[in-house]
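Let me begin by presenting the structure, written as structure tokens, before commenting on it.
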Amino acid sequence: MNFAIIAAGEGSRLVQEGVKKPKPLVELNGEPMIGRLISIFRRCNATSISIIVNEQMTEVREYLDSLILPVPLKVVVKSTPSSMHSFFELSKVMRPGKFCLTTVDTIFRENDFARYVASFEADDDYDGFMAVTPFIEDEKPLYVDVDDHFAIKAFRDEPYEGAKYISGGIYALSEKAVAVLDDCIVRGVSRMRNYQRALIEAGLKLKAYPIFKIIDVDHASDIATAEQFINS
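Note that my numbering has the sequence shown beginning at -4, numbered continuously upward.
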């Protein structure tokens, strides 16, 4: 399985709240967030890892350059206007085949993630497994509408009657999804949530994979919360 990390955001809220390190290097239990993800990917039998950082993140680039890994590591250095555009830049260097993409500040328990990845690798019926969670803490959540078999019917910006899940910000997809991404760029589509809608519109079969809790590190107070969550 190929893995990819979007780490090109500025982390402006953390900076405003006094966190001096770039977001990818913020430590959780003594380990940088980006390093934690790389370690988890390796334990999930990664065949390649691709990462995008922005042009200002010299410390992050130096950290990545210092790593010695048993799998290929591709680092893209480019500032982009959105996560979807960061994904597009990553898609140019990612190896062919199934892949799993996440943002650097998405925090999950390793066992939950490993089961998720293994389930997608073993499945040939769906074009993608989208991690979803009933834990709603996001400021602007993307609600995921599913049928009784967890096939995704729609992505919604607003809560609706019977809503149970929101997007967890982790995407396991097949190569078909890259063609849809290319088309979104050509058409001027922006934002990952609109890209996910485009996947449905293009006829790709997507399945929701529930993970009880996924959290983001957006504020300084989230760091201690994330550490406690990982250790619990």
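Cβ coordinates follow ideal geometry from the N, Cα and C atoms, glycine included. No experiment lies behind these values; they were computed from the predicted model shown.
Looking at the DSSP output, Thr220 sits in no beta bridge, so it has no partner there. Here Ala215 really is in contact with Leu9; their C-beta atoms are around 6 Å apart, less than 8 Å.
Counting every other CB atom within 10 Å of its CB across the protein chains shown gives Tyr155 a total below 16, marking it as exposed. The alpha-carbon of Asn226 is positioned some 43 Å away from that of Val181.
Membership of Asp177 in the alpha helix (DSSP H) is indicated by the continuous run Lys171 to Arg182. In the three-state reduction of the DSSP assignment, Ala41 falls in the coil class. Spanning the alpha carbons of Phe130 and Phe83 requires a straight line of approximately 28 Å.
When only Cα atoms are considered, Gly25 and Gly4 end up about 22 Å apart. A contact is defined here as three or more CB-CB pairs under 8 Å, and the region 144 to 160 fails this definition with respect to the region 65 to 79. A straight line joining the alpha-carbon of Asp152 with that of Ser114 spans about 27 Å. Distance from the CA atom of Ser45 to the CA atom of Arg90, rounded to whole angstroms, is 9 Å. For Ala203, the enclosing beta strand (DSSP E) stretches over residues Leu201 to Pro205.
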